[in-house]
Amino acid sequence: MGSMMRLFRRAGRVEVCVDGAVYKRRGAVFAVGRDRQNGTDDYRRCGSVPSPLYRYIGDAAELLAGGAATVKTAQGAYTVLECAPVAGLRGRVCVEALLEERRESDDGQ
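The sequence shown begins at 80 in my numbering and counts up one residue at a time.
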């Protein structure tokens with residue numbers, strides 16, 4: 080994990096919570112791109128309400144363990160939907176996760 084920490088030393092700080100354990104890590108959260116064919120945002124349907132999707136890329140290897148996980152940044156809080164390691168020439172370079180923005184109503188659940 081040392082090489083991942085060096086790679087993201089200039090990235091923003093994030094707080095990762097996995098099954099109640101909190102970790103201070105670094106990474107970036109950005110909105111998933113627009114659908115180029117029809118010019119709409121990429122949404123995931125949650126019942127009748129579409130939720131925008133985000134991506135996290137950073138050094139939070141704890142996300143790979145699975146379980147209930149969230150990522151918090153200065154801009155907001157996100158629920159981790161899925162996560163995978165990103166491989167490089169010398170093994171795992173970082174972690175990439177698909178996120179959904181948390182709403183205030185999600186905090187009580």
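All C-beta atoms, glycine included, are put in the ideal place defined by N, C-alpha and C.
Does the Cβ of Glu161 have 16 or more other Cβ atoms within 10 Å, making it buried, or fewer, making it exposed?
-> Residue burial is scored here from C-beta neighbours: Glu161 has fewer than 16 other C-beta atoms within 10 angstroms and is therefore classed as exposed.
Would you kindly check if the distance between the Cβ of Leu132 and the Cβ of Val111 is under 7 Å?
-> Taking 7 Å as the cut-off, the Cβ atoms of Val111 and Leu132 count as close.
Reducing DSSP to helix, strand and coil, say where Ala140 ends up.
-> In this structure, Ala140 counts as helix in the three-state DSSP scheme.
Candidates Val93, Arg169, Thr152, Leu143, of which the one nearest Glu175 by Cα = Of the listed residues, the one whose Cα sits closest to Glu175 is Leu143.
Locate the beta strand (DSSP E) running through Arg105, then write down its first and last residues.
-> It spans 100-110 - the beta strand (DSSP E) in which Arg105 sits, taken as one unbroken run.
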